[in-house]
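Residue numbers (our numbering): -4 to 62. Take a look at the structure set out below.
Structure representation (structure tokens):
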């Protein structure tokens, strides 16, 4: 049986990988990707609640002075 000549396999595999890499790079570089959307500035309207205009304090039973 004749022996299989594997001396050129390394060169064949490396050259095909390099060719595929170059082809993919050319394919990707020819694509035009859309620009990312710019962030919008939203101005939030703060609504006034009736309880925000008054000074209130909540007293806890443990925070009251001792009697």
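The C-beta atom is built at its ideal place from N, Cα and C for all residues, glycine as well. As the structure is a computational prediction, the values presented were derived from the model and not from experiment.
Between the alpha carbons of residue i and residue j, how many angstroms are there, rounded?
i	j	result
residue 34	residue 21	31 Å
residue 26	residue -1	43 Å
residue 7	residue 31	41 Å
residue 17	residue 40	54 Å
Does residue i come out as helix, strand or coil in the three-state DSSP assignment?
i	result
residue 36	coil
residue 16	helix
residue 25	coil
residue 7	helix
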